[in-house]
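Presented below is the structure to which this report refers.
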Amino acid sequence: MKVLVSDNLSPKGIEILKQAGLKVVFKTGLKPEELKKEIKDCDGLVIRSATKVTADIIGAARKLKVIGRAGIGLDNVDIPTASKKGIIVMNTPGGNVVTTAEHTITMLLALSRNIPQATTSMKAGKWEKKKFTGREVFNKTLGIIGIGRIGSIVADRARGLKMHVIAYDPYIRPETAEKLGVGLVSLDDLYTRSDYISIHVPLTKDTRELINRESFAKMKNGVMLINCSRGGIVDEGALYEAMQSGKVAGAALDVFAQEPPPQSHPLLTMDKFICTPHLGAATEEAQENVAVAIANQLVDFLKNGNISNAVNFPSVSSDVLASIQPYLTLVEKMGSFQMQMAKGGIQEVTIEYVGDVANMDTRPITIAMLKGLFAPILKHDVNFVNAPIIAKERGVKVTELKSTTTEDFTNLITLRVKTPQEENALSGTIFGKKELRLVRINTFRLEAVLEGHMLFIYNIDEPGVIGAIGTTMGKAGLNIARMHVGQETGPGRNVILLNTNAPVSAKVLKEMLKIPQVVSAQPLEF
Ligand code: NAD
Numbered sequence: 000m001k002v003l004v005s006d007n008l009s010p011k012g013i014e015i016l017k018q019a020g021l022k023v024v025f026k027t028g029l030k031p032e033e034l035k036k037e038i039k040d041c042d043g044l045v046i047r048s049a050t051k052v053t054a055d056i057i058g059a060a061r062k063l064k065v066i067g068r069a070g071i072g073l074d075n076v077d078i079p080t081a082s083k084k085g086i087i088v089m090n091t092p093g094g095n096v097v098t099t100a101e102h103t104i105t106m107l108l109a110l111s112r113n114i115p116q117a118t119t120s121m122k123a124g125k126w127e128k129k130k131f132t133g134r135e136v137f138n139k140t141l142g143i144i145g146i147g148r149i150g151s152i153v154a155d156r157a158r159g160l161k162m163h164v165i166a167y168d169p170y171i172r173p174e175t176a177e178k179l180g181v182g183l184v185s186l187d188d189l190y191t192r193s194d195y196i197s198i199h200v201p202l203t204k205d206t207r208e209l210i211n212r213e214s215f216a217k218m219k220n221g222v223m224l225i226n227c228s229r230g231g232i233v234d235e236g237a238l239y240e241a242m243q244s245g246k247v248a249g250a251a252l253d254v255f256a257q258e259p260p261p262q263s264h265p266l267l268t269m270d271k272f273i274c275t276p277h278l279g280a281a282t283e284e285a286q287e288n289v290a291v292a293i294a295n296q297l298v299d300f301l302k303n304g305n306i307s308n309a310v311n312f313p314s315v316s317s318d319v320l321a322s323i324q325p326y327l328t329l330v331e332k333m334g335s336f337q338m339q340m341a342k343g344g345i346q347e348v349t350i351e352y353v354g355d356v357a358n359m360d361t362r363p364i365t366i367a368m369l370k371g372l373f374a375p376i377l378k379h380d381v382n383f384v385n386a387p388i389i390a391k392e393r394g395v396k397v398t399e400l401k402s403t404t405t406e407d408f409t410n411l412i413t414l415r416v417k418t419p420q421e422e423n424a425l426s427g428t429i430f431g432k433k434e435l436r437l438v439r440i441n442t443f444r445l446e447a448v449l450e451g452h453m454l455f456i457y458n459i460d461e462p463g464v465i466g467a468i469g470t471t472m473g474k475a476g477l478n479i480a481r482m483h484v485g486q487e488t489g490p491g492r493n494v495i496l497l498n499t500n501a502p503v504s505a506k507v508l509k510e511m512l513k514i515p516q517v518v519s520a521q522p523l524e525f
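At position 42 of the sequence shown (counting the first as 1) the number is 41 in numbering that gives the first Met the number 0, and the numbers step up by one without a gap.
The following block contains the structure:
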């Protein structure tokens, strides 16, 4: 079997592939046409972030069974196209978390003591002791946004520096934070109390420009900001203004909205701004960790058929996979819907299988549901292998119920999710062999297709409301591809699910909420 390694991979990874008897072609920097030629007869492809695995490339691969990413981010892989062709996409979560946390602490100290600026000054022949007087971190408060794997290690290291650590992460239970010695606070509290703020969340629709003009206004004067997570989470224009006004005394970015940033980027002109070119995960140890991990995973799959850390398939035989595939897709979407509408941290999840589906091996289906549940907040960090572990680590209680007696449907899956504030239930079914339908949202019955960009509305059932909603969408240039209306058994309220041709912006949402009968409106992505 043949494996193409098309990005730089630590030699230890290449060695593992070769020792397993695989033919390895190691060619980096290939142009798309060259890549298409090389990949034609390959069984496996190993990449990092440089190779763009587009639908076109996947189309040219006749034998490809697996794409392995040494690292986490999979923005460069067309996962839906790979899934359609039955190609497994796997990554290596966890291999570079210590390295990235250490980079964050390095940034925090370098920022406090003006290390880069002082180095540049001395190299220019100067000796400017006064200009570079720094600031102690001892006893200062570090606010961490997102206390997952990297955030937790940053908290631990910062506590070693005798800093007070507080964190904001709505998906973490207070007990988990307590074990880390970190106080969980609201985002506003974190802004008002922190001397340093460090960001460790994935880039999602909720975290895009999370740090914006309004956030800076709430922060302490003289705060210092560090971002070693993803570009786009900090509004760089707003950061520039906040640094100019003196609100932010210093900032360190490893990641940018556009990478590399343009040379004319205003932040690059600021004295108190320090930066690195996305070096968070760039240590020899981390590169080796991810290279070894992906090589072992690829060998185990190509030689033994074992799937690990796949983002698009569970670990089951291909026969079982074929029969349960529609259910996997259905519950993944139902899980994602639940997380997108959940208020507060999830405590309990119950999945109930009724009818034919109760006779199947439901374990992979439950795992697919958990993967869908965590995907809106963790993106590619959650896969079919680690989803149950993530649920356990987050203290989410998962219960499976089964009943073969059916009422209205030959098969029905109901997913109940409980947070401290509320409980929501969704039911879904498969019509025929693979028509997925959502048939219930709490007490509302409907028949909806969950796909693409959607808008979820609760409204008072009165004449003219649907027309007003349609007009608002039309005025914003949004096309409604489908509209599903769900009614309660008695008169009163409706739920409406709209499929739109583009995401619904905050501005359109505002307009929508001006319609007196619209109680709530929330965009969803599937
Ligand atoms: P993780 O999934 O373990 O943790 C992310 C945490 O963010 C989770 O606890 C989640 O609950 C929380 N979160 C999600 N949405 C949130 C929101 N709206 N508000 C507050 N918290 C929210 O991920 P990780 O491995 O710790 O990685 C963190 C970030 O670092 C990711 O963006 C990752 O891509 C990035 N990263 C960057 C580099 C680099 O080179 N600079 C290297 C590795 C990882």
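Here a beta-carbon is modelled for each residue, glycine too, at the ideal position from N, C-alpha and C.
- Beta-bridge partners assigned by DSSP to Glu-351: Leu-400 and Thr-413.
- Taking Phe-255 as the centre and dropping the five residues before and after it, the same chain places the C-beta of Gly-230 closer than 6 Å to its C-beta, in chain order.
- CA-to-CA, the gap between Ala-501 and Ile-376 works out to about 21 Å.
- In the assembly as shown, Ile-388 is an exposed residue. Its beta-carbon has fewer than 16 other beta-carbons within 10 Å.
- Residue burial is scored here from C-beta neighbours: Ser-335 has at least 16 other C-beta atoms within 10 angstroms and is therefore classed as buried.
- In the three-state scheme derived from DSSP, where H, G and I count as helix and E and B as strand, Leu-21 is classed as coil.
- Between the stretch 87–96 and the stretch 143–153, the count of C-beta pairs closer than 8 Å reaches three or more; the two stretches touch.
- Secondary structure at Glu-240: helix, using DSSP grouped into helix, strand and coil.
- Counting the other CB atoms within 10 Å of its CB gives Pro-259 a total below 16, which places it among the exposed residues.
- As for any alpha helix (DSSP H) of minimum length 4 sitting wholly inside the stretch 21–77, the runs are 31–38 and 54–59, ordered along the chain.
- Every unbroken stretch of the beta strand (DSSP E) spanning 3 or more residues and falling wholly within the stretch 104–189 is given here in chain order: 140–144 and 163–167.
- Between the ligand NAD and the CB of Ile-78, the shortest heavy atom gap is not smaller than 8 Å.
- In the pairwise beta carbon analysis, the stretch 199–212 is classified as touching the stretch 222–242: at least three pairs are separated by under 8 Å.
- Scanning its chain for C-beta atoms nearer than 7 Å, with the 5 sequence neighbours on each side dropped, one finds around Asp-42 the residues Met-0, Lys-1, Val-2, Lys-62, Leu-63, Lys-64 and Leu-301, in chain order.
- Between the stretch 338–349 and the stretch 413–426, the count of C-beta pairs closer than 8 Å reaches three or more; the two stretches touch.
- In the structure shown, Lys-513 adopts coil according to DSSP, grouped into three states.
- With at least 16 other beta carbons inside 10 angstroms of its own, Phe-215 counts as buried.
- C-alpha of Asp-270 to C-alpha of Met-223: approximately 13 Å in a straight line.
- The Cβ atoms of Glu-399 and Thr-349 sit closer than 9 Å to each other.
- Counting along the chain, the unbroken beta strand (DSSP E) around Ser-426 starts and ends at 422–430.
- In the DSSP annotation of this structure, the continuous segment of the alpha helix (DSSP H) that includes Met-472 starts and ends at 464–474.
- Straight across, the Cα-Cα distance linking Val-517 with Ser-426 is about 24 Å.
- Taking the Cα of Lys-84 as reference, the smallest distance to any Cα among Leu-73, Phe-312 and Gly-133 is reached at Phe-312.
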